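Everything below concerns the one structure shown next.
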DNA sequence: ATTTATGCAAATCGTTTGCAAACCT
DNA sequence: AGGTTTGCAAACGATTTGCATAAAT
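Protein chains in written order, with our numbering: chain U, 29 to 195; chain S, 29 to 195.
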């Protein structure tokens, strides 16, 4: 429903949660995770990771492809699946039709949440106080138990309208 | 990626968060909300709302259509858009390719969150302690302000594997 | 009488997949 | 060599839309 240029995905005043990890460390971890899944760290996969390292926030496929014109769309899709399964990247689904990708928290070592623009799909990274995270975890674990549900990870989003869509 | 019968969407031990509102009240509210958006409360729209009232949890389009065979798919899609815009229903997007729908919190008067099965897309409704909700709201509001983001509503999901997908 | 809603079938568009060539190990 | 990855183009499938008919005001 909302439409905009899906290749843009900007960042706000502060630095993003991503740029805390050094590129070489990220690649090392990525290689390890892929190896654990019997997958190779090919040139294209490394390229994808590099693009995500360089990004200030979650990127759409279009955004990723626009960074390098020597990247086949189908390979991007395929490799993002592999990277996701290996736990290297994380796929974010919003009401926007375009999936977005970011490095996984295992890789960046950060736990964060999102502000999601309902109009253009733009995503900002945010963090919550550790105490709040703990309480949340505890409550969710309790609810999961009631439903015999095996929780894996939680997600907190604030949905609204970003500054540029408002103006 | 995960696949299963999208027409099924069961409930667990307890009652769902939905069955607290009386059907007549729901219809009255729905009519009001639609009127406020210059939209009619047509037969098909009422049917959709009825199906959601009767459901124990969020339903996919397939699940909705399977409840009544005299409901055209395109009309379901179109009317769900109208109902969503009027704030009568709420659309839930997961990694599953099938959008799911539930009555909006304005209508049910309940604020709840979700356990989402990563394999089959099944969704359970859960609630968090009011105190925790308040802290969460406050933290999110603070973050929104930092990004000049106009928050509308928050969302908390626990993603994992449901009992039947585990067995 | 006009506007709005319906239902069918066709179109759309992000994503997935078949297949032959290129790449690793 | 033997299996994997790549890139092109074709296929897929949930959702959307054009259009003629039916309903509502």
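For each residue, glycine too, the CB sits at the ideal point set by N, CA and C. As the structure is a computational prediction, the values presented were derived from the model and not from experiment.
Going by CA-CA distance only, name the one from the options that's closest to residue i.
{"i": "residue 195(S)", "options": "128(S), 63(S), 148(S), 184(S)", "result": "148(S)"}
{"i": "residue 88(U)", "options": "176(U), 132(U), 120(U), 188(U)", "result": "120(U)"}
{"i": "residue 181(U)", "options": "143(S), 174(S), 150(S)", "result": "143(S)"}
{"i": "residue 122(U)", "options": "65(S), 183(S), 84(S), 57(S)", "result": "183(S)"}
{"i": "residue 171(S)", "options": "174(U), 190(U), 175(U), 98(U)", "result": "190(U)"}
{"i": "residue 132(U)", "options": "192(U), 188(U), 68(U), 85(U)", "result": "85(U)"}
{"i": "residue 117(S)", "options": "98(S), 173(S), 174(S), 83(S)", "result": "83(S)"}
{"i": "residue 58(S)", "options": "155(S), 107(S), 100(S), 91(S)", "result": "107(S)"}
{"i": "residue 124(U)", "options": "145(U), 130(U), 54(U)", "result": "145(U)"}
{"i": "residue 127(U)", "options": "103(U), 150(U), 53(U), 71(U)", "result": "150(U)"}
{"i": "residue 185(S)", "options": "55(U), 167(U), 62(U)", "result": "167(U)"}
{"i": "residue 50(S)", "options": "80(S), 91(S), 192(S), 70(S)", "result": "80(S)"}
{"i": "residue 179(S)", "options": "72(U), 179(U), 187(U)", "result": "187(U)"}
{"i": "residue 154(U)", "options": "173(S), 71(S), 157(S), 155(S)", "result": "173(S)"}
Under a CB-based cut-off of 8 Å, is residue i close to chain S?
{"i": "residue 191(U)", "result": "yes"}
{"i": "residue 167(U)", "result": "yes"}
{"i": "residue 129(U)", "result": "no"}
{"i": "residue 116(U)", "result": "no"}
{"i": "residue 119(U)", "result": "yes"}
{"i": "residue 172(U)", "result": "yes"}
{"i": "residue 108(U)", "result": "no"}
{"i": "residue 181(U)", "result": "yes"}
{"i": "residue 188(U)", "result": "yes"}
{"i": "residue 50(U)", "result": "no"}
Taking only three categories from DSSP, how would you classify residue i?
{"i": "residue 55(S)", "result": "helix"}
{"i": "residue 77(U)", "result": "helix"}
{"i": "residue 173(S)", "result": "helix"}
{"i": "residue 191(U)", "result": "helix"}
{"i": "residue 82(U)", "result": "helix"}
{"i": "residue 30(U)", "result": "Interpretation of residue 30(U) is limited by its pLDDT of 39, a score under 50 that renders its predicted location unreliable; the figure taken from the coordinates is listed afterwards. Three-state result, residue 30(U): coil."}
Determine, using beta carbons only, whether residue i comes closer than 8 Å to chain U.
{"i": "residue 157(S)", "result": "yes"}
{"i": "residue 101(S)", "result": "no"}
{"i": "residue 75(S)", "result": "no"}
{"i": "residue 87(S)", "result": "no"}
{"i": "residue 162(S)", "result": "no"}
{"i": "residue 122(S)", "result": "yes"}
{"i": "residue 154(S)", "result": "yes"}
{"i": "residue 185(S)", "result": "yes"}
{"i": "residue 134(S)", "result": "no"}
{"i": "residue 178(S)", "result": "yes"}
{"i": "residue 32(S)", "result": "Residue placement at residue 32(S) is poorly supported in this model, since its pLDDT is 42, which falls under 50; the coordinates are not used for a value here."}
{"i": "residue 96(S)", "result": "no"}
{"i": "residue 149(S)", "result": "no"}
{"i": "residue 111(S)", "result": "no"}
The region 71 to 84 of chain U touching the region 99 to 117 of chain U, judged by at least three CB pairs closer than 8 Å: As far as the Cβ criterion goes, the region 71 to 84 of chain U touches the region 99 to 117 of chain U, which means the pair count is three or higher.
Runs of beta strand (DSSP E) wholly within the region 89 to 163 of chain U (minimum 3 residues, chain order): Listed in chain order, they are 117 to 120, 128 to 131, 141 to 145, 151 to 154.
Any 3 or more C-beta pairs closer than 8 Å across the region 162 to 172 of chain S and the region 127 to 142 of chain S: Cβ pair count under 8 Å is below three, so no.
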